[in-house]
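> Here it is, the structure, as structure tokens.
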Amino acid sequence: MLIGFAGLGRMGLPMATHLARAGHTVLGHDPGLDRAPEGVTLMPSAAALAEAQLTISMLPNGATTRDFVLTGLADTATDHLHVVMGTVGPALVRQLAADARVDVIDAPVSGSVSMAEAASITTMVGASPEQFERVRPVLAAMTAAQYHCGTAGSGSAAKLAVNAVLAALSQGVAEGLLLAEAGGLDLRTFYGVLRNSAAGAPYVGYKEEAFLAPDTAGVAAPVSLIRKDLALALDLARAHRLSLPVSETAFELLDAAVDAGLGQEDMARVLTALRLRVGSRSV
Numbered sequence: 191m192l193i194g195f196a197g198l199g200r201m202g203l204p205m206a207t208h209l210a211r212a213g214h215t216v217l218g219h220d221p222g223l224d225r226a227p228e229g230v231t232l233m234p235s236a237a238a239l240a241e242a243q244l245t246i247s248m249l250p251n252g253a254t255t256r257d258f259v260l261t262g263l264a265d266t267a268t269d270h271l272h273v274v275m276g277t278v279g280p281a282l283v284r285q286l287a288a289d290a291r292v293d294v295i296d297a298p299v300s301g302s303v304s305m306a307e308a309a310s311i312t313t314m315v316g317a318s319p320e321q322f323e324r325v326r327p328v329l330a331a332m333t334a335a336q337y338h339c340g341t342a343g344s345g346s347a348a349k350l351a352v353n354a355v356l357a358a359l360s361q362g363v364a365e366g367l368l369l370a371e372a373g374g375l376d377l378r379t380f381y382g383v384l385r386n387s388a389a390g391a392p393y394v395g396y397k398e399e400a401f402l403a404p405d406t407a408g409v410a411a412p413v414s415l416i417r418k419d420l421a422l423a424l425d426l427a428r429a430h431r432l433s434l435p436v437s438e439t440a441f442e443l444l445d446a447a448v449d450a451g452l453g454q455e456d457m458a459r460v461l462t463a464l465r466l467r468v469g470s471r472s473v
């Protein structure tokens, strides 16, 4: 299949590469790239992707996604399907599905850059049953699991709910580490206890180095990205008059981490933000 891919960043680039390896012809566009990734043909503009039968966007925010769908895809065939894979919130996806010339569905992903490179991320899809069946083989080339969550926008709602849990987990781990340290425990020893306790979710296991050795662990998901997603989650909550006190507290800490210059660091840096808040030593 001829596929257009807009947004070849940290997550989008390995995903587009997996599509090419699966035998698809992939046209890509990203103004930040000056050299084509393996198997991907770089196009000079976003509008040049419109010749594909199906397009995918993995763009950083709602504004760039809206512009790509409404302007960049203005000259596509009427049976063109666009898949929003960036996290932009369900309201925008539903607006685009109603207003765009093309069919729009959403399929945001859950997982880190390393998981995108291994094609082990999960995608949550908002589409009609027919659209889901059409796009599922394409998504399966990039992801390990594909969940049909409902109509357009429901995939984005699922993604925001997942990241609300992740933000709470990050803060919980950080607070647990501070408590363990206050009690005189070695943090590496305590993390082993935590990983094998009732609280030992998979996330807790694979974030060990990010919490304990942040200077060398690398960045899987930056603070700024999780903050953006949690802000969208809180917007959705307010629209439905929901009270999410844990998410609100987690957002305040992410805000503090951004203010401390940690926006591009891994989300585990909320531990650093907590240390700064209490005047303790930083990690």
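Per the working numbering, the sequence shown starts with residue 191, numbered consecutively.
Think of the CB as a built atom: it goes at the ideal place given N, C-alpha and C, for glycine as much as any other residue.
Quantities reported herein were computed from a predicted structural model and do not represent experimental measurements.
1. To which residues does DSSP link residue 295 through a beta bridge?
2. For the candidate residues 425, 436, 397, whose alpha-carbon lies nearest to that of residue 412?
3. Here's a check: name, in chain order, each residue in its chain whose Cβ is nearer than 6 Å to the Cβ of residue 440, leaving out the five neighbours to either side.
4. Please identify the residue among 463, 209, 277 whose C-alpha is closest to the C-alpha of residue 418.
5. When DSSP labels each residue in this structure, what does residue 254 get in the three-state scheme?
6. Leaving out five residues before and five after residue 478 in sequence, what residues of the same chain have Cβ atoms less than 6 Å from its Cβ?
7. Quick one: does residue 458 have its CB under 9 Å from some CB of chain B?
8. Are residue 466 and residue 457 closer than 9 Å when you measure CB to CB?
9. I'd like to confirm the pairing. Which residues does DSSP put opposite residue 194 in its beta bridges?
10. What's the gap between the Cα of residue 286 and the Cα of residue 260?
11. For residue 302, does the count of other Cβ atoms within 10 angstroms reach 16, so buried, or fall short, so exposed?
12. Could you check what DSSP says for residue 286 in three-state terms: helix, strand or coil?
13. According to DSSP, is residue 280 helix, strand or coil?
14. Which value, in whole angstroms, describes the spacing of the CA atoms of residue 364 and residue 234?
15. Along the chain, where does the beta strand (DSSP E) containing residue 518 start, and where does it finish?
16. Report yes if the CB atom of residue 279 is closer than 9 Å to the CB atom of residue 425, and no otherwise.
17. Under 8 Å by Cβ, that's how I've got residue 220 and residue 198 pegged, so tell me the actual separation to the nearest angstrom.
18. Output the distance between the C-alpha atoms of residue 367 and residue 381, rounded to the nearest integer angstrom.
19. Restricting to runs no shorter than 4 residues, where is the alpha helix (DSSP H) found entirely within the region 388 to 472?
20. Three-state secondary structure (DSSP) at residue 351?
21. Counting beta carbon pairs with one atom in the region 201 to 211 and one in the region 321 to 332, are three or more of them shorter than 8 Å?
22. Using three-state DSSP, classify residue 238 as helix, strand or coil.
23. Identify whether residue 210 lies in helix, strand or coil by the three-state DSSP scheme.
24. Identify every residue that forms a DSSP beta bridge with residue 381.
Walking through what the data contain:
1. Residue 295 pairs with 273.
2. Of the candidates 425, 436, 397, the residue whose Cα lies closest to the Cα of residue 412 is 397.
3. If we look at residue 440 and ignore the five residues flanking it on each side, its Cβ neighbours are 357, 358, 361.
4. When only C-alpha atoms are compared, the closest one is 277.
5. Secondary structure of residue 254 (DSSP, three-state): helix.
6. No information on residue 478 is available, as it lies outside the stretch 191 to 473 that the chain covers here.
7. Given the protein chain composition of this structure (a single chain), no chain B is represented.
8. Contact check for residue 466 against residue 457 fails: the beta carbons are separated by 9 Å or more.
9. Checking the DSSP bridge columns, you'll see residue 194 partnered with 217, 245.
10. Between the C-alpha atoms of residue 286 and residue 260 there is a straight-line separation of about 8 Å.
11. If you draw a 10 Å sphere on the C-beta of residue 302, you find 16 or more other C-beta atoms in it, and that means buried.
12. Look at residue 286 here: in three-state DSSP terms it is helix.
13. In this structure, residue 280 counts as helix in the three-state DSSP scheme.
14. Answer to the nearest angstrom: the Cα atoms are 44 Å apart.
15. Coverage of the chain is limited to positions 191 through 473, which leaves residue 518 absent and any answer about it impossible.
16. For residue 279 and residue 425, yes; Cβs fall inside 9 Å.
17. Contact between residue 220 and residue 198 holds, with the beta-carbon distance rounding to 4 Å and staying under 8 Å.
18. Each residue's alpha carbon lies about 8 Å from the other.
19. With a minimum length of 4 residues, the continuous alpha helix (DSSP H) runs that stay inside the region 388 to 472 are 392 to 396, 398 to 402, 404 to 407, 413 to 429, 435 to 449, 460 to 467.
20. Reduced to three states, the DSSP call for residue 351 is helix.
21. Short answer: they touch.
22. Residue 238 falls in the helix class under three-state DSSP.
23. DSSP, reduced to helix, strand and coil, places residue 210 within a helical segment of the structure shown.
24. Partner residues in a beta bridge of residue 381, as assigned by DSSP, do not exist.
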